[in-house]
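Protein chains in written order, with our numbering: chain H, 1 to 394; chain R, 1001 to 1394; chain E, 2001 to 2394; chain P, 3001 to 3394. The C-beta atom is built at its ideal place from N, Cα and C for all residues, glycine as well. Just so you know, these numbers come straight off a predicted model, no measurement behind them. What follows is a set of notes on a single structure, which appears directly below.
Protein chains: 4
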Amino acid sequence: MTHASRPTLGVGMVGYAFMGRAHSQAWRNTAAFFDLPCTPAMVALAGRSRDQVSAAAERLGWASAETDWRELIRRDDVHVVDICTPGDTHAEIAIAALDAGKHVLCEKPLANTVAEATAMAEAAGRAAANGVRAMVGFNYRRVPALALARGLVLDGRLGTIRHVRAQYLQDWIVDPDFPLVWRLEADKAGSGALGDIGAHIIDAAQYVTGDRLIGVSALLETFIKERPIAQASAGLDATVDGDDRRGRVTVDDAALFAGRMSGGALASFEATRFATGRKNVLRLEINGSAGSLAFDLESMNELSFYDHTEDPRTAGFRRILVTEPSHPYAGAWWPPGHVLGYEHTFTHEVKDFVEAIASGTDPEPSFADGLQVQRVISAVTHSAAHHGAWTAVE
Amino acid sequence: MTHASRPTLGVGMVGYAFMGRAHSQAWRNTAAFFDLPCTPAMVALAGRSRDQVSAAAERLGWASAETDWRELIRRDDVHVVDICTPGDTHAEIAIAALDAGKHVLCEKPLANTVAEATAMAEAAGRAAANGVRAMVGFNYRRVPALALARGLVLDGRLGTIRHVRAQYLQDWIVDPDFPLVWRLEADKAGSGALGDIGAHIIDAAQYVTGDRLIGVSALLETFIKERPIAQASAGLDATVDGDDRRGRVTVDDAALFAGRMSGGALASFEATRFATGRKNVLRLEINGSAGSLAFDLESMNELSFYDHTEDPRTAGFRRILVTEPSHPYAGAWWPPGHVLGYEHTFTHEVKDFVEAIASGTDPEPSFADGLQVQRVISAVTHSAAHHGAWTAVE
Amino acid sequence: MTHASRPTLGVGMVGYAFMGRAHSQAWRNTAAFFDLPCTPAMVALAGRSRDQVSAAAERLGWASAETDWRELIRRDDVHVVDICTPGDTHAEIAIAALDAGKHVLCEKPLANTVAEATAMAEAAGRAAANGVRAMVGFNYRRVPALALARGLVLDGRLGTIRHVRAQYLQDWIVDPDFPLVWRLEADKAGSGALGDIGAHIIDAAQYVTGDRLIGVSALLETFIKERPIAQASAGLDATVDGDDRRGRVTVDDAALFAGRMSGGALASFEATRFATGRKNVLRLEINGSAGSLAFDLESMNELSFYDHTEDPRTAGFRRILVTEPSHPYAGAWWPPGHVLGYEHTFTHEVKDFVEAIASGTDPEPSFADGLQVQRVISAVTHSAAHHGAWTAVE
Amino acid sequence: MTHASRPTLGVGMVGYAFMGRAHSQAWRNTAAFFDLPCTPAMVALAGRSRDQVSAAAERLGWASAETDWRELIRRDDVHVVDICTPGDTHAEIAIAALDAGKHVLCEKPLANTVAEATAMAEAAGRAAANGVRAMVGFNYRRVPALALARGLVLDGRLGTIRHVRAQYLQDWIVDPDFPLVWRLEADKAGSGALGDIGAHIIDAAQYVTGDRLIGVSALLETFIKERPIAQASAGLDATVDGDDRRGRVTVDDAALFAGRMSGGALASFEATRFATGRKNVLRLEINGSAGSLAFDLESMNELSFYDHTEDPRTAGFRRILVTEPSHPYAGAWWPPGHVLGYEHTFTHEVKDFVEAIASGTDPEPSFADGLQVQRVISAVTHSAAHHGAWTAVE
C-alpha cells in the first residue's frame, strides 16, 4: 500500500505556543518515520489573533488558519482536534469537539479541576460509543526508555514493587523578578508545579508500575508570593512590563507528597520550579523485590536497570541505551546509539493516536486516566490545606 | 615537638563488631596522618565474652581486654570511652563514663528514646562544666565532600535554601528470609531504617544547611512482618538457625517523611533497606537561590556543585573531586585524585575529637545535637502513627 | 517578512537510505524552527529504482522523483543538490552539479581518494567564483555542544592545547557473520572505520581546536577477514543470503593513530566497529593549559568543561547541559533541559547552509576542509602500510 | 590459632615519602582486616637523615630507625625489606637484600633501565631457589575492581579481546613554574610520565587481559623544557627556591603509544601529567567479542561491564560496585556499598605478599614481570626516538 492509497486524517490544532510547536513537529514528521495506517493532513490551525495564527500556520506547516476554535470543529475536513491551549480552556473545547464527532488529543493536565475533568471523561465515554477517540497528552509515556520500563515491569523483572521515587525538578522561576506568566496564575493554570510537572510524574509513576496512588500526605509552598506583571511570554520564557506593578502568585512553586500505591509500595513525589541548576530533571526510580529501575529525562535515551536475580559478583545497575531495534519506537529511527530528543515523545504519541483511531481501539492514556491524575492532584491540594493529613485519592 | 613529648590519651572502647572495627581503625591510624596534640593509646577493649574480646583486642590493636565496661571506666589509664554497642546500652554507659570524668565518643543514634537522649545530654552538660567532652558519632560529617558542602553553605554560595532532598537507600534485607538480627528488634535498635540510616540523613541535612527540621509528616512501613530467628550476625550479614522459627519484625523497613526546615526550605527524607541494588546510597541534594549541591556516599570523594551566578553559557553541575590540599581533611592524605574510603570518616572523627579534648572546646556533633535528632525521629514516629499528621519537632 | 514573501530554494536530493532519511528530515523541518532567509522546497528525490524512489519521495516529503541524478541537476527548479550516496559516487555528482551552477551539500567523507577530493575542491573553487556554494556534511560540527566547545576554545578558555583524545567507537560488526555490506567494501566505501567514523573525529578534533593534524603514526586492522555476502541492507543493518558464500572484507575494522597538531598538541585517534557495547560513542577530550573539555555523542546534549583558573576548592568538570538560549542553535528549540537528538545535527547543517547561500558567503566545512580530512586519511593509510612510520599530512 | 601463636614477620622499610607513608599504612593495618598466616612486625625504617627518619618512624609506627639501608638488611629481626625509594636506588638495595636472604617488596617501576631490571630479576631468580620471595609493587592489581576484571577475563566473559584503551591522566605539572622535582630528572626517575604512571597502565592492561604487548609505535613530548629548581618536595607537591635558577627537564611530560597485544588486540596507551583537571584518572577499557570492561581509578570501587551475550533489549554497561563479599578482597572490609580508598591497594598487596611468603609460593607481579614492563618502556623510548617506528618488545 502506498501512502497515496491510504486514507487521509485531517487534523486541526488549537494553540501554537510551546505545545503547539511540539505537536506540529509531530504531525509533520510521524508519517516519514512510521508506517501509519492513514496519512495525517495538517488542515488548519486555530488561534485568536488573525495575524499571529496565520504566521504560525505558515511556519509550522498548517494549510490554513482559523480564529475561532468552534469554526475548526465545524470543518468537515477536520477529523482530529488537537488541543494545545492552557488548561482552563480544555474542557469546553474537548467536549465540543467530541460531541461533534471529532477525535481529540488534549494536552495535559486534562483540566484544572476534577469537575471539568469528570465532564470531559464523560464526554469521552459518550464519544467512544460512537467510535470517536480521546487521548490525553502525557507524552512521557512515549519516551522509549519509559515504555521499556513499563515493559520490564509487565515482564515481572521488578517483582513486587516496594518503592517509587519521582521528582520533576526545574528552575525557571528561581529569580524573584521572573514575571507573572499564565503558568503562575491559578485561574488559567489550575495549579503551579503540581499540575504542570507534578502531573507528569504522577502519570509516569502509575504508568510504569501499573499501580495507582491510593492516598497522599502533602506539602505545597509558594516561595515568591508576588512577581512583576508579564508583558509577553513564550515557552517558559517571558518579558516584563516597564512599570513596577507586581501581582500575586496564586499557584504553588513546589509540591512535595508521600503516598501509597495500590500494590503496596511507598511513593515519594516532588515537583518544583526552584531546583536551581536542574533544568528539566524528571527522575523516576522504582525498587522491587526482583529488580530496580532508574530514569532521568535529561538523559532520556537511557534506562538504568538492576537485576536482583544476577550473581552479586556481576550485578549492577546497567545503563541501557534505549536505541535498539527491539526497543519501543526506536526501530523506526536511526541505528543503535543515535539518540532521540524531547520532541519525539510527541511524534510517538501521534503515531499511537493515529493507529488507535485507525484500528478503532481506545488510546491510552484515556481521559479517564487524565481524570484520575486530576483526582490525585485534588487529594494533594486537600492534604496540603490540612497540614499534610492523609487524604485518600477517590 | 616530637610525638614522644606529646601527652598520651588513653582510650577504652566498648564493642567490637562493625562499628568497633571501624573505630579501631581510626584510633590506630589517626596519629600517622594528622599532627595530633596528644597521642592516642589504645588501652583496652571491653566486651562480654572473655575469649572473643581478647581475640578482638589482639586483632584490632588494643593492648588489653575487659569483660565489663564498668571496669573499663574505672581504669586510670583510660581517659576516653568510645561506645560502639547497640543503641539500648548507650545511655547507661555514656552517663556512667561522663560522670566518672571520661571523655565520651558515642555511636549514633545517641539513644533509642528521647528520654534516654535527654539524660545523656544532661550528663554531657554536667561533664562539660568539668572539662569533660562528649561527642556523638555522626561520622558522615567527616566525609570531606560533606564538610566542603557545609563550607560552601557557610560561604553563602547557595543563597537562601529552598529544597533539601535526602535519601539513604540500602537493600540488605530485601530477601524475606534474611534473619531477624538485632537491628530489626525495637528493644535493641529503637527503630529500623529510621534510626539506623534515617538518623544519618537527618543529621547530614541539618549539618550542611545549618538549619533544623521544625516539623514533619511521615509514613513508616514494615514490608516483611516476620523473619527467621538469627543465629549469629556480623556487620550487616547474618546466618539463620536450622529450625523454622520466625519472629516478629518490630521496626520499620522504610521511613518516608516530608518536612520544613527552620530556614524555610521544604525537605524530603527517605530511609529504606528495600531499595534493591542500592547498597549504601546516601544522597543529599540541596537547592538554594544562588546554587545547588548534590552528593552520593557511593561516590563519596565527589561533590556536585552548581553555581547559579555563572553565565548560563558555561554553568553546570561541577564534579568537585574532594581530594585537594585545600579541601577538609584531604591535605593529610594523598596527592589530588587519590581517593579515600568509608573508614576514614572515623579517622577524621577521631582527629576532631582528640583536638577538641586537647584544646578544651566542645566537639560537634554534641550530645545535644544527638538529642535533637532523636526528637526528629520521635516526631516522625508520632506522625506516622497518626496517618501523616503534621508533627512539630519539639 | 512572511515566509510567503521569502524566495524559495529548490532542493534536489540524491540517495534516500540512512543519510537520505536524515537529510530529508532536516529539509522538512528547518524552516519551522529557524527564521530562514529563504524557504527550502523539497522539489525532487533521485534514485535508480523508479518504484523505490517514488515510494521514498512520498514518504519523506519530496514532491517528485527522478531515476537519474543527471536529470535532477538539469531541472531549473532545483537550486541545491544534496548528495547522500556512497562515497564512490560523490565526485562525479558533485562536480557535475557545481559545474551546472547548483549549490552542493555533500555527505562525508568528501570522496574515497585524495585525487577525487582534489578535483571536487577545485570544482568548488570554480563554482565559488560564480556565487555557487559547496559544503561537506560533517554534521557533528552542528551538535550544539561541539559548537559551544569551539566557542570556548576561540574565547581562550582552554589556553594552549596540549592533548587531543578522540575516539569513535561502534560495535555493529562484532558478529563474524554480519554480512559484507557496502561499507565493508573498499571500492564503494574507500576505507572502513577510518573513512566512515574516523573522518568524523578528525574533522571534529580539528574544528574544535582550530588546529590541523600535521603528521601521524598509524595502525589499521581487519579482525574478520571474510564475511557472508549481503542480500539487502538499510542503515547499519543488513540481511544475509541463504547460501554460504563469503567475500573478502577489503576495509579496516579499526584504525588507531597518534599524531601531532599544528599548535603543538599530541593527539590520539581511534575509530573502530569492534568496541562491544559502544553503540555510537564519539568521545572528544581536549586538555589545555587553562582548561579542558570532554564530550560523548551518546550524551550529545552535554559538554564537560574544566576551568583551570578556578579556585581548586570548587574546581571540577562541569556538565553543561547545552540547551540554554545562549547556546548555539538551542534557542530555536525548546526550553532549557529539553534535549535534542541526533537528527538535528542535520537540521542545523541545513540552516547554516541555507543562510550561507542567501548571504553569499562560503559555508564551512568547505570542500577544501573535506579534502584536508582526506589527506589525513591518506597519511594514516600510508603510515599503517609502513609499520607505523611517521607520515606527514601533506 | 590466635595472632599471638602465629610467627612474626619482621619488616624493614627504606624510604618514607609518599610511597613510604602508603606502605606503612598497609603494614600497620593488614593484620586487623585479614587473617594472615604470620604477623607483620614493623621493625625498622631506614633513611639518610637521623632526625627525619626517627620522626617518620615514630609517626608511621616503626619501632626503630636506621640511617643506612645496609644496616637494615643486616638486622636479624628484619625478614622483609620494603623498598620505597626513587627508582635509581632500587637495583642496589633489592639485590643486596635478596642476596642477604630477605624477602623484597620493591616499588614500581622495578628499575630505571632494562639492565638494572635484568640484574634484579636474576637476583630474584637466585633468591627464589632459596625460598626467598620478591615482588614488584604494581599496587593497582590489588584494586578490587581490577582484580575482578582479571577474573571476568579468565572466566571467558570477554571472549577474544579486540581492543585495549589505557590512559593515565594527571595534571600536577601543568603550571610551567612547578619546580624541577626528582620525578622530572632522568637520572633519578628514569623517565617521566612514561615510567611513573605509564608503567602502571602497561602492567594493568597486561594483567587484566593476560596478554603481553609485543610491539609499539610511540611519541614522547616534553611541553615545558625548563623549570625552577625545587627546594623541597613531598608527594607530588613541592616548593621553589627564592632565586630564579631554572634547570632542564630531562624526562617526558607525556607518552603516547599504540601497540599490539600477544592475543591480537590493538592497544592504545597514554600517560600524561598535562591533562588539566584530570587528577588521577587511570582509565582502562577492554573490548572483547563477548563483552567489554571499563574502569576509572577516580571511581575505583566501580567496574563497568557489558555482557554481549545478553538480550539487546536489556543489555548495557553495568556499574558493578565492587564491595560485595564475593568480590576480591572486599569481604574483609565493610558491608556492601561502603567504599575503599587508594591506600588499601597497598593493604591488599601486603596481604598477598605475606601469604606468598608463608605459603612458599612466588608472589605476583614478580621481578620478571617488572622487567617485562621495563622492556616495554624501553621499546617505547626507542620508537619515540625513531619517529614512531614500530618497535618490537624484546
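- Contact of arginine 319 of chain H with chain P is assigned, a C-beta pair being separated by under 8 Å.
- Using a Cβ-Cβ cut-off of 8 Å, histidine 163 of chain H counts as an interface residue toward chain R, since at least one Cβ of chain R sits closer than that to its own.
- Residue ranges of uninterrupted alpha helix (DSSP H) with 4 or more members, entirely inside the stretch 304-386 of chain H and ordered along the chain, are 344-359, 367-385.
- Interface residue (Cβ-Cβ distance to chain R less than 8 Å): histidine 2327 of chain E is classified as such.
- Residue pairing for arginine 278 of chain H: DSSP places it in no beta bridge.
- For alanine 145 of chain H, the closest alpha carbon among the candidates H:Ala26, H:Arg133, H:Gln206, H:Leu340 is that of H:Leu340.
- By the Cβ test, the stretch 1347-1356 of chain R is not in contact with the stretch 1176-1185 of chain R, since fewer than three Cβ pairs between them sit closer than 8 Å.
- Nearest in C-alpha terms to aspartate 311 of chain H, of all of P:Ile3320, P:Met3120, P:Thr3309, is P:Ile3320.
- Take aspartate 253 of chain H, set aside five residues on each side of it, and the residues of its chain with a beta-carbon closer than 8 Å to its own are Ile173, Gly192, Ala193, Glu221, Thr222, Phe223, Ile224, Thr272, Arg273, Phe274, in chain order.
- Under the three-pair Cβ rule at 8 Å, the stretch 2362-2374 of chain E does not count as touching the stretch 194-214 of chain H.
- Taking C-beta separations shorter than 7 Å and ignoring five residues to either side along the sequence, the partners of glutamate 1226 of chain R in its chain run Arg1246, Gly1247, Arg1248, Val1249, following chain order.
- By the rule that beta-carbons nearer than 8 Å mark a contact, glycine 195 of chain H does not touch chain E.
- Leucine 1158 of chain R sits buried, since 16 or more C-beta atoms from the chains shown fall within 10 Å of its C-beta.
- For tyrosine 1342 of chain R, no CB of chain H lies under 8 Å from its own CB, so it is not counted at the interface with that chain.
- Proline 1040 of chain R has its alpha-carbon roughly 12 Å from the corresponding atom of alanine 1063 of chain R.
- Apart from sequence neighbours up to five positions away, the residues of its chain that approach serine 378 of chain H with a beta-carbon distance below 7 Å are Val114, ordered along the chain.
- Burial check for arginine 260 of chain H: the Cβ neighbour count within 10 Å reaches 16 or more, so the residue is buried.
- Three or more Cβ pairs drawn from the stretch 2116-2131 of chain E and the stretch 2092-2099 of chain E lie within less than 8 Å of each other, which places the two stretches in contact.
- If you draw a straight line from the Cα of glutamate 1122 of chain R to the Cα of glutamate 1116 of chain R, it comes to about 10 Å.
- Interface annotation for the stretch 3204-3236 of chain P against chain E: Ser3217, Leu3219, Glu3221, Phe3223, criterion Cβ-Cβ distance under 7 Å.
- Between leucine 2169 of chain E and arginine 2278 of chain E, the C-beta gap is smaller than 8 Å, which places the two residues in contact.
- Under the Cβ distance rule, phenylalanine 3305 of chain P counts among the residues neighbouring chain H, one pair being separated by less than 8 Å.
- According to the DSSP assignment, methionine 2019 of chain E belongs to the alpha helix (DSSP H) that extends over 2018-2033.
- Ranked by Cα distance from proline 2336 of chain E, the options H:Ser366, H:Thr276, H:Trp334, H:Val80 are led by H:Thr276.
- Bridge partners of asparagine 1287 of chain R according to DSSP: R:His1163, R:Ser1292.
- Burial of alanine 3258 of chain P is indicated by the presence of at least 16 other C-beta atoms within 10 angstroms of its C-beta.
- Judged by beta-carbon spacing, histidine 338 of chain H lies beyond the 8 Å limit of tyrosine 2329 of chain E, meaning their Cβ atoms are not closer than that value.
- Residue contact with chain R for proline 3336 of chain P: present (Cβ-Cβ distance below 8 Å to some residue of chain R).
- For tryptophan 3333 of chain P, the closest Cβ of chain E is not nearer than 8 Å.
- Between glycine 2061 of chain E and the set E:Thr2391, E:Ala2046, E:Ile2073, E:Trp2069, the nearest pair of CA atoms involves E:Ala2046.
- The beta carbons of phenylalanine 2305 of chain E and arginine 2318 of chain E sit closer together than 8 Å.
- Taken in chain order, the complete beta strand (DSSP E) segments of 3 or more residues contained in the stretch 21-108 of chain H are 39-46, 64-66, 80-83, 103-107.
- Taken through DSSP and simplified to helix, strand or coil, glycine 2192 of chain E comes out as coil.
- Of the residues R:Met1300, R:Asp1307, R:Ala1149, the one whose Cα lies closest to the Cα of alanine 1290 of chain R is R:Asp1307.
- Annotation note: the stretch 124-158 of chain H contains the following uninterrupted beta strand (DSSP E) runs of length 3 or greater, listed N- to C-terminal: 134-137.
- Threonine 1345 of chain R is positioned such that its CB atom lies no closer than 8 Å to that of tyrosine 1016 of chain R.
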